[in-house]
Amino acid sequence: MKHIKSTTLAILISMLVCGCASTKKEETAYNVVDMTDIDMALMQSAKAIQSSIKIMEENKNFIASRSKSNEETDKYAEQMTYIPNGLDVPITLNDRLPLQKTLKIIGYLTGYQVLTVNPPQNDISKSVRVYARPAIYVLRDLGVELGEEAHIAVMPFKEPKPDGMLGIITVTYAETLGAGR
């Protein structure tokens, strides 16, 4: 019996010693990642992509503006630089959602009410992947991505309403999609 107790005690002590043993690998160039370098590279890539998109938008806008009058061009330039009250709120989304749900999230975060005109039976789903981007730019990007499928318009109020509402975001679906088609 004494032999069993000593064997059990030896097993318990060896288990405790093995359990406390470290399994940490020695740091080498292959298993250590400096996140700041990766973050910096990602930021540089994101800035390069964003500047490329801006150049493409400017080219597209230039081609489109050649057919417009000077008054229309000035009004368009004013719209592109104007940020309505409340739409400077940073939005972070990374999901593929129906358009109406995406707009309701943006409306909730910015204090805008969302109205839908000519809604389809099955809503259009769009991927939105933005991090801390002002709501106005998210709405503009969605509008560009939608093309002829739907039109997004923002109508800010001159003064906030007593309930805190700052304006209305409308989405008007194309005739071919909406009203049960």
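Every letter in the sequence shown is one number past the one before it in my numbering, and letter 98, counting from 1, is 98.
From the three backbone atoms N, C-alpha and C, an ideal C-beta is built for every residue, glycine too.
Quick caveat, the model's predicted, so the values are computed rather than measured.
Here A174 has E148, E149 and A150 as same chain residues with Cβ atoms under 7 Å from its own Cβ, once five neighbours each way along the sequence are excluded.
Straight across, the Cα-Cα distance linking V130 with Q44 is about 16 Å. Residues T170 of the same chain have their beta carbon placed closer than 6 Å to that of A153, with the five preceding and five following residues left out of the count. Less than 7 Å divides the Cβ of A135 from the Cβ of T110. For D37, same chain residues with a beta-carbon under 8 Å away, outside a window of 5 residues either side, do not exist. Between the stretch 90-100 and the stretch 112-129 there are three or more C-beta pairs closer than 8 Å, enough to call the two in contact. Ranking D141, P160 and E159 by CA distance to the CA of T102 puts D141 first.
The C-beta of Y82 has fewer than 16 other C-beta atoms within 10 Å across all chains shown, which makes the residue exposed. DSSP places V144 in the helix class (H, G or I) of the three-state scheme. Comparing alpha-carbon positions, the option among P156, K75 and K161 lying closest to D88 turns out to be P156. Nearest to P90 by alpha-carbon distance, out of Q79, I106, T116 and L42, is I106.
In this structure, V138 lies away from T172, with their beta-carbon atoms at least 7 Å apart.
Secondary structure of K161 (DSSP, three-state): coil.
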